Each structure stands twice: as structure tokens, then as C-alpha cells.
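*Asks:* Below are the C-alpha cells for one structure; questions will follow.
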Amino acid sequence: MSFNLQRLKAERMAEGYTQEEFAKKLGMSRGAYAKREAGIVDISVEDLSRIMDALGYDASKVSIFFAPSVR
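The sequence shown begins at 19 in my numbering and counts up by one.
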């Protein structure tokens, strides 16, 4: 499985957050968040936990951020 960055962006936007606003909720700079959303920097387990909290999602929704890997 791979992390679905497009879904991350879609969920952020659906909640009405700009990258700047969302980054602030996560306790990081917009640049640091933008690198994660663009796939330049990997999203850690800690990052994912903060993202889920910031979006108000519980652990049961974590699977929406993952896509099956194609081989």
C-alpha cells in the first residue's frame, strides 16, 4: 500500500483549509507541510496521527489515505 497524497490534499481542501492554515494546525511551517503533501518528504506515523487529529478523524478512517500498490 502507498500513501495517497491526492487524497490528503482533497481532504484538507474539503475541510476548507489552505496549506498555511493546515500546517499551523499541525505545528509546522507551510513549506514543511507542502513538501509532505507533494511527496518530497515522507509522511511519518506521527505526521499521520496529527493529520487525523487536525481533520477530526478517528482511527477507523485511516485507510482512506492509502491506495493499493500496483506492481
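Just so you know, even glycine gets a beta-carbon here, dropped at the ideal spot from N, CA and C.
Just so you know, these numbers come straight off a predicted model, no measurement behind them.
1) Are the CB atoms of M31 and S87 within a distance shorter than 8 Å?
2) For the alpha helix (DSSP H) holding I58, just list the boundary residues, first then last.
3) Below 8 Å, can you find three or more Cβ-Cβ pairs linking the region 78-85 to the region 41-58?
4) Please classify S78: does DSSP put it in a helix, a strand, or coil?
5) Among A72, S47, A52, D76, which has the Cα closest to the Cα of Q24?
6) In the structure shown, what three-state DSSP assignment does S67 receive?
*Replies:* Checking against the coordinates, here is how it stands:
1) Working through the sequence shown from its first residue, we reach residue 87 at position 69. Working through the sequence shown from its first residue, we reach residue 31 at position 13. No, these two residues do not count as a Cβ contact at 8 Å.
2) Start at 1 with the first residue of the sequence shown, and residue 58 comes out as number 40. Here I58 belongs to no alpha helix (DSSP H), and DSSP marks it neither H nor E.
3) no
4) On the sequence shown, residue 78 is found 60 positions in, with the first residue counted as 1. Residue state, collapsed to three classes: helix.
5) In the sequence shown, counting from the first residue as 1, residue 24 sits at position 6. Of the candidates A72, S47, A52, D76, the one whose C-alpha sits nearest the C-alpha of Q24 is A52.
6) In the sequence shown, residue 67 corresponds to position 49, counting from 1. Correct three-state label for S67: helix.
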